[in-house]
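Chemist: Next up is a structure, given as structure tokens.
Number of protein chains: 2
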Amino acid sequence: MNQKNEIVNKLRTSGLRPTKQRVLIAKSLFDSDKTFHFTVETLNKKINKNGVTKVSLATIYNTVEAFTSAGYLKEILTSKNKSYYDTNIKSHHHFYDEGSKELTDIRYSQIRLSKIPTPPKGKKIKNLEVVIRIQK
Amino acid sequence: MNQKNEIVNKLRTSGLRPTKQRVLIAKSLFDSDKTFHFTVETLNKKINKNGVTKVSLATIYNTVEAFTSAGYLKEILTSKNKSYYDTNIKSHHHFYDEGSKELTDIRYSQIRLSKIPTPPKGKKIKNLEVVIRIQK
DNA sequence: TTCTAGTTTATAATAATTCTAAACTAGAAA
DNA sequence: TTTCTAGTTTAGAATTATTATAAACTAGAA
């Protein structure tokens, strides 16, 4: 599948029609080899550069939310009152620097768990994340 | 040390004078055998029951913040835009139920890590938390 | 008991997010 | 190709959590 179709496909499977605005958002998120972390605020700055509004904030919120529930983005756990997202949806872990408040990826293979609890009755484990808080 | 002095001591070592309001907050937090999770909102409801205001919201925010930096409370990692705290400051982990959005403690001994990455240069590991997301 | 630095509080300000309703458009059907 | 409508976008208002402000109050040293 080419890049264009890939994006249209992600939108469709997230339950979204591929409009101009949504395609722009999807490109900003998925048109890169590297994965990255972002907030709605930083994504908005990236899309609506130099004071030129191409997509409204409301649409960015809605689209990010849809991609997240479809599993194309992962919400990151932090202790801040702002939502952080990761375009890397593979299982992996994070360093959280308490000084700079920055998140860094830790590859899955860098951490190994030798004992995991059984989940409460009727529940299944969806995902497991380790956050290592670091400081100077 | 008795309960009263314990509380005064926690306040003093958090850099706070033991005023009537702060002692009330500290009692709500530490006068129980069981540890628990809370938000400023739930703590406020617990303290200012039945529409009777005993302590202002601002003081609750300030005091919780001071206890947190002093290490008497731990901020919990979530994907929500609200601060969650834990009166259990011992190293432990959490189940996070994506359906009900509830957090449950996992005892430290229930999880064992057999491989941990080295932190970036000049940084030390302060704390390590595992969050296991569960769903139906 | 006095006095002042520290404290409390109601209220305003700010920040992130969600809601609303009117104008617009993708794309199925004619 | 054109028409039509359900879905979409948007600016701005509303809501929610948090932080700031500044005037009235008080713990506790002297």
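Chains as they are written, first to last, in my numbering: chain V, 1 to 136; chain U, 137 to 272. For glycine and all other residues, C-beta sits at the position ideal for the given N, C-alpha and C.
For L73/V, which three-state DSSP category applies?
Modeler: coil
Chemist: Kindly indicate the opening and closing residues of the alpha helix (DSSP H) around H42/V.
Modeler: In the sequence on display, residue 42/V carries Thr and not His. Per DSSP, T42/V belongs to the alpha helix (DSSP H) from V40 to I47.
Chemist: Assuming L73/V and V267/U form a contact by the criterion Cβ under 8 Å, report the distance between their Cβ atoms to the nearest whole angstrom.
Modeler: Not confirmed; about 17 Å, so no contact.
Chemist: Within a Cβ cutoff of 7 Å, which residues of the same chain sit near N50/V, ignoring the five residues on either side of it in sequence?
Modeler: Nothing meets the Cβ criterion.
Chemist: Return helix, strand or coil for F95/V, following the three-state DSSP convention.
Modeler: strand
Chemist: Whether or not the segment 247-257 of chain U and the segment 55-68 of chain V are in contact is what I'm after, with contact meaning three or more pairs of Cβ atoms, one per stretch, closer than 8 Å; do they touch?
Modeler: Contact between the segment 55-68 of chain V and the segment 247-257 of chain U is absent, because fewer than three Cβ pairs lie under 8 Å.
Chemist: In terms of alpha-carbon separation, which member of K34/V, R17/V and G15/V lies closest to K90/V?
Modeler: K34/V
Chemist: For a quick check, are the C-beta atoms of K262/U and N81/V less than 9 Å apart?
Modeler: no
Chemist: Using a Cβ-Cβ cutoff of less than 8 Å, which residues in the same chain neighbour A206/U once the five nearest sequence positions on both sides are dropped?
Modeler: K146, T149, S150 and G151
Chemist: Grab the span of the alpha helix (DSSP H) containing Q157/U for me, first residue to last.
Modeler: K156 to F166
Chemist: Below 8 Å on the Cβ atoms is my guess for I47/V versus S28/V; work out the distance and round it to an integer in Å.
Modeler: For I47/V against S28/V, the beta-carbon gap comes to about 6 Å, under 8 Å, which counts as contact.
Chemist: Give me, in chain order, the residues of the same chain whose beta-carbon lies closer than 6 Å to that of Q21/V; leave out the 5 immediate sequence neighbours on both sides.
Modeler: V55 and T59
Chemist: Near F67/V, what residues of its chain come up, given a Cβ to Cβ distance below 6 Å and the 5 sequence neighbours on each side ignored?
Modeler: S14 and L73
Chemist: Does any CB atom of chain U fall closer than 9 Å to the CB of L128/V?
Modeler: Under the Cβ distance rule, L128/V counts among the residues neighbouring chain U, one pair being separated by less than 9 Å.
Chemist: Which residues, in chain order, does the segment 249-261 of chain U contribute to contact with chain V at a C-beta distance below 8 Å?
Modeler: L249, S250, K251, I252, P253, P255, P256, G258, K259, K260 and I261
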